[in-house]
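J.: The structure is given below, and queries will be raised subsequently.
Number of protein chains: 2
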Amino acid sequence: MAVNLPAPRREDLLPVAGVELGWAEAGIRKANRKDLLLLRLAAGATVAGVFTRNRFAAAPVQVCRRHIAGAIRALVVNTGNANAGTGAPGLAAARATCDAVGRLLDIPAAAVLPFSTGVIMEPLPVERLIAGLPAAQQSLAADHWLEAAEAIMTTDTVAKAVSRRVKIGGHSVTITGIAKGAGMIRPDMATMLGFVAMDCRVPQPLLQALTQEVADASFNRITVDGDTSTNDSFVVMATGAGALAIDDAADAALPALRGALTDVARTLAQAIVRDGEGATKFIEVRVEEAGNSQEAAQVAYAVAHSPLVKTAFFASDPNLGRILAAVGNAGIADLDPARVQLYLDDVWVVRDGGRHPDYQEADGQRVMKQSEIVVHLKLGRGTASTRVWTTDFSHDYVSINADYRS
Amino acid sequence: MAVNLPAPRREDLLPVAGVELGWAEAGIRKANRKDLLLLRLAAGATVAGVFTRNRFAAAPVQVCRRHIAGAIRALVVNTGNANAGTGAPGLAAARATCDAVGRLLDIPAAAVLPFSTGVIMEPLPVERLIAGLPAAQQSLAADHWLEAAEAIMTTDTVAKAVSRRVKIGGHSVTITGIAKGAGMIRPDMATMLGFVAMDCRVPQPLLQALTQEVADASFNRITVDGDTSTNDSFVVMATGAGALAIDDAADAALPALRGALTDVARTLAQAIVRDGEGATKFIEVRVEEAGNSQEAAQVAYAVAHSPLVKTAFFASDPNLGRILAAVGNAGIADLDPARVQLYLDDVWVVRDGGRHPDYQEADGQRVMKQSEIVVHLKLGRGTASTRVWTTDFSHDYVSINADYRS
Chain A
17 MAVNLPAPRR
27 EDLLPVAGVE
37 LGWAEAGIRK
47 ANRKDLLLLR
57 LAAGATVAGV
67 FTRNRFAAAP
77 VQVCRRHIAG
87 AIRALVVNTG
97 NANAGTGAPG
107 LAAARATCDA
117 VGRLLDIPAA
127 AVLPFSTGVI
137 MEPLPVERLI
147 AGLPAAQQSL
157 AADHWLEAAE
167 AIMTTDTVAK
177 AVSRRVKIGG
187 HSVTITGIAK
197 GAGMIRPDMA
207 TMLGFVAMDC
217 RVPQPLLQAL
227 TQEVADASFN
237 RITVDGDTST
247 NDSFVVMATG
257 AGALAIDDAA
267 DAALPALRGA
277 LTDVARTLAQ
287 AIVRDGEGAT
297 KFIEVRVEEA
307 GNSQEAAQVA
317 YAVAHSPLVK
327 TAFFASDPNL
337 GRILAAVGNA
347 GIADLDPARV
357 QLYLDDVWVV
367 RDGGRHPDYQ
377 EADGQRVMKQ
387 SEIVVHLKLG
397 RGTASTRVWT
407 TDFSHDYVSI
417 NADYRS
Chain B
17 MAVNLPAPRR
27 EDLLPVAGVE
37 LGWAEAGIRK
47 ANRKDLLLLR
57 LAAGATVAGV
67 FTRNRFAAAP
77 VQVCRRHIAG
87 AIRALVVNTG
97 NANAGTGAPG
107 LAAARATCDA
117 VGRLLDIPAA
127 AVLPFSTGVI
137 MEPLPVERLI
147 AGLPAAQQSL
157 AADHWLEAAE
167 AIMTTDTVAK
177 AVSRRVKIGG
187 HSVTITGIAK
197 GAGMIRPDMA
207 TMLGFVAMDC
217 RVPQPLLQAL
227 TQEVADASFN
237 RITVDGDTST
247 NDSFVVMATG
257 AGALAIDDAA
267 DAALPALRGA
277 LTDVARTLAQ
287 AIVRDGEGAT
297 KFIEVRVEEA
307 GNSQEAAQVA
317 YAVAHSPLVK
327 TAFFASDPNL
337 GRILAAVGNA
347 GIADLDPARV
357 QLYLDDVWVV
367 RDGGRHPDYQ
377 EADGQRVMKQ
387 SEIVVHLKLG
397 RGTASTRVWT
407 TDFSHDYVSI
417 NADYRS
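In order, the protein sequence lines correspond to chains A and B. Numbering-wise (this note's numbering), the first sequence opens with residue 17 and increments by one. Numbering-wise (this note's numbering), the second sequence opens with residue 17 and increments by one.
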């Protein structure tokens, strides 16, 4: 029951020159489902990534951190098992995966980035993964983005994929990305899994900086349940197969590229929220007039994480005092309640820290019934602002997470 | 459906000399239910309190902070309305309440502490509250602790009250307390509402320090949903009517009194968790070998607040990797996963950061099915430790909070 999130259509997903995708049903956790993705990059691509800050970073994340700045030629992704909390055997399994892909594609193991997603603290059945690789290799093709998006799903109900073709500096650039994620979503400097490819050329150090900036404006601004995964990874690939080449940070074409890439990443990030476990509403928390961007984010996340706020949204109940309680709870020691304004979409609910005298519950009720809602806070402290996207908290969230795995 | 929490029995609740309690059905929010408590203190009592650190502190909390160090003669508590997020009219309503109690009992308004609990951001119907006061006055009696506990309930399913009689320094001391709370529970330097009286004599500044210490070991170590209320208040009253008199912080009888008071406060605090909204399990998160008590609490709360951990407990599913993910997510930048141990009761689950080779899922399953569970973490960083008490996260939590109010 995703919120306003249609499934991607094959014809809308544009191949990116220099990228081929293949998949297999490797039976990692369950039989008869796509659970293995192989992505091959042409020689000359640059790749950058940001990864989870969870201290229990999964084994594949640890391997990715070592490989990422090198000459990457392949990505391999399994679902059904996170290979996290698995200690030294988990690290050996991630390395064995890279070795196997390297042998298969005739590239160095260090040219492979491994990714895993699924249950934490279970041993990765690496022999089944490796046995599935030849089938994935045989299906490699440039127009398999939809199958790739499907192959990385876990509790997702809708595949997440998007393409944009933009003109930058007179050159056509194609950007296509996929992502997965629905729960354990509160990315911190990264996301669940997100992979975006584009056919322009960008030097690796610049691509790394760009990836971080884009993540901060997209995947790092969403939350479903406040839990940061052990496996969050967001990877951007620049194949260099197209005409556009960015030379350095001063390149005049960089802002346009950043804008297009942010558009793709934000669409994918918001798709994760729209498909959030049990979600019935898509909520933007917009915080303005904060003293700095750190406190803007603190307040936005305090609201977005409050179970009481989220259950009120689920019930379409304008019990909006819970939003004030969450703001007061955000850890800003010198917050002056008398300077706080709260709007629900266009309805002014709280003026100067108290209920607006003209506020009618019927107006709050009208907005709460919508499937998309903006919670708009002004703190009266400065000029910093941020936006965070989240969901409500429903019976189905509990069902999904009480049932997942068992 | 509280977890192992029988209703208090009238015969177990001991009167405290110097305290009388009365109640009324004032119709604050709903008719025909006890919603007003009046507590009268004999002259000479000292009173101390700790209050919410939520920046949207309710109007009565603001008044309490001004009055608390003076000569307090009465407490007045209403349910059905929190009088929070109500601005200047809310403050006027809290003051009018103190004025009315003062006139009725012939004491100064500044000798009255007001408390409110219920829905946030609704105007307090102070005229109905004041109209209910005479009935409350007429029912004042020393043996009305059970009715007092009932009069402060909101979403509580069980009244919370406890008594202890202890011998300290050769003198008998009687301590009786009540509390309310089931949701919006993550007290921070305070609790929901907790009121404890004892018949010994303690100077006010010392009582204030004692109250803070006791709160830190009881109400400040529980969480249901991570939301700190606007109205949290924990008040300790020393009537001085008994034989024991504590003179100063060096008094030899102080540690015994602190121990008895902590016992009462912790029993009440744990009762709030046992009655947590939708709770089916009572969970202690015990963190040891932390570098300092701050990081011990950070880790304990990261586990206790994780919706994924809490839904796994609800399902009795030993999906214990979620606990590791929460620990990694606690914000301790230099945590070394390889030094982390995790036990579920007596079952060693994680050794040195990875799944213990001898761990059998059947053992985890056995513990997860219990109604009381200890999550025991060792961080391998130092000698600090803490304990936090919490609940699981169930369908009923969502139902209760989606339905409460509307």
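Here a beta-carbon is modelled for each residue, glycine too, at the ideal position from N, C-alpha and C. In this text the structure is predicted, and so the values were computed from the model without any measurement.
If we require 3 or more residues per run, which beta strand (DSSP E) segments fall completely within the stretch 195 to 278 of chain B?
T.: The qualifying runs are 209 to 214 and 249 to 254.
J.: Do you know offhand how far A/T423's Cα is from A/P24's?
T.: Lying outside 17 to 422, the shown extent of chain A, residue 423 of chain A is not represented and no answer is given.
J.: Keeping to the same chain, check which residues put their C-beta closer than 7 Å to that of A/K196; ignore five residues upstream and five downstream.
T.: So the list reads T133, I168, M169, T170, D172, K176, M208 and L209, once near-sequence residues are dropped.
J.: Identify the continuous alpha helix (DSSP H) that holds A/A418 and give its terminal residues.
T.: H411 to D419
J.: Please check the pair B/Q385 and B/S332, which I expect to be a contact at CB under 8 Å, by giving their CB distance rounded to whole angstroms.
T.: Residue identity check: residue 385 of chain B is Lys in the sequence provided, not Gln. So it is a contact: roughly 5 Å between Cβ atoms.
J.: Taking buried to mean at least 16 other C-beta atoms within 10 Å of its own C-beta, is A/K183 buried or exposed?
T.: exposed
J.: Within 8 Å (strictly less), CB to CB, does A/M205 reach chain B?
T.: In this prediction, A/M205 scores a pLDDT of 44, lower than 50, which makes its location untrustworthy; no coordinate-derived value is stated.
J.: Is the beta carbon of B/N99 sitting closer than 8 Å to the one on B/P76?
T.: yes
J.: Looking at A/E293: is its Cβ nearer than 8 Å to the Cβ of A/A198?
T.: yes
J.: Nearest to A/R69 by alpha carbon, out of A/V135, A/V35 and A/D243?
T.: A/D243
J.: Is any beta-carbon of chain A found at less than 8 Å from that of B/P323?
T.: Yes - at least one Cβ of chain A is within 8 Å of the one on B/P323.
J.: Which of the three DSSP states is assigned to A/P353 in this structure?
T.: helix
J.: Closest by CA to A/N97, which one among A/A59, A/V404, A/A85 and A/R144?
T.: A/R144
J.: In whole angstroms, what is the alpha-carbon distance linking A/G399 and A/A342?
T.: First, the amino acid is wrong: residue 399 of chain A is Thr here, not Gly. Distance between the alpha carbons of A/T399 and A/A342: 21 Å.
J.: Could you name the residues of chain A that B/M384 contacts, counting a contact when the two beta carbons are closer than 8 Å?
T.: Residues of chain A passing the Cβ test: none, with the nearest at roughly 10 Å.
J.: List the residues of chain A whose Cβ lies closer than 7 Å to the Cβ of B/L209, in chain order.
T.: The premise fails here: B/L209 is roughly 15 Å from chain A at the closest Cβ pair, so nothing lies under 7 Å.
J.: Would you please verify whether the beta carbon of A/S249 is less than 8 Å from any beta carbon of chain D?
T.: Of the chains in the structure shown, none is chain D; the protein chains are A and B.
J.: Look at the alpha carbon of A/E311 and the alpha carbon of A/V356, and state the distance between them as a whole number of angstroms.
T.: 14 Å
J.: Going by DSSP, what residue range makes up the beta strand (DSSP E) through B/G185?
T.: Counted as a single uninterrupted DSSP element, the stretch harbouring B/G185 is not any beta strand (DSSP E), since DSSP gives it neither H nor E.
J.: Taking the beta carbon of B/S188 as the centre, do at least 16 other beta carbons fall within 10 Å, making it buried, or is it exposed?
T.: exposed
J.: Tell me which residues of the stretch 111 to 134 of chain B have at least one Cβ-Cβ distance to chain A shorter than 8 Å, keeping chain order.
T.: none
J.: Do you know offhand how far B/Q220's Cα is from A/S415's?
T.: 50 Å
J.: If you measure from the beta carbon of A/G447 to each beta carbon in chain B, is any gap under 8 Å?
T.: The requested residue 447 of chain A does not occur in the structure, where chain A is confined to residues 17 to 422.
J.: Identify every residue that forms a DSSP beta bridge with A/G193.
T.: A/V178 and A/V212
J.: 8 Å is my cut-off, CB to CB: does A/I136 come that close to chain B?
T.: Output row for A/I136: interface = yes.
J.: Can you check whether the C-beta of A/L351 is within less than 8 Å of a C-beta belonging to chain B?
T.: yes
J.: How far does the beta strand (DSSP E) with B/S401 in it reach, from first residue to last?
T.: A400 to T407
J.: Relative to chain B, which residues along the stretch 333 to 344 of chain A have a C-beta separation below 8 Å, given in chain order?
T.: D333, N335, L336, G337, R338, L340, A341, A342, V343 and G344
J.: Taking the C-alpha atoms as reference points, what is the distance between A/D248 and A/G65?
T.: 10 Å
J.: My assumption, with CB atoms under 8 Å, is that A/G380 sits in contact with A/L336. Please give the rounded CB distance.
T.: Contact between A/G380 and A/L336 is confirmed by a C-beta separation of about 6 Å, below the 8 Å threshold.
J.: Using the beta-carbon of each residue, which ones in chain B are nearer than 7 Å to A/G9?
T.: In the structure as shown, chain A starts at 17 and stops at 422, and residue 9 of chain A therefore has no counterpart that could be examined.
J.: Give me the chain A residues within the contact set of B/T327, using Cβ-Cβ distance strictly less than 7 Å, ordered along the chain.
T.: V414, N417 and A418
J.: For B/S155, which residues of its own chain have a beta-carbon under 7 Å away from its beta-carbon, when the five flanking residues on both sides are left out?
T.: G38 and W39
J.: Apart from the five residues on each side of it in sequence, which residues of its chain come closer than 7 Å, Cβ to Cβ, to A/A206?
T.: At A/A206 the pLDDT is 43, less than 50, meaning the model places this residue with poor confidence; the figure from the coordinates comes in the next sentence. V66, F67, T68, A231, F235, D248, S249 and F250.
J.: By how many angstroms is the C-alpha of B/E305 removed from the C-alpha of B/A346?
T.: 15 Å
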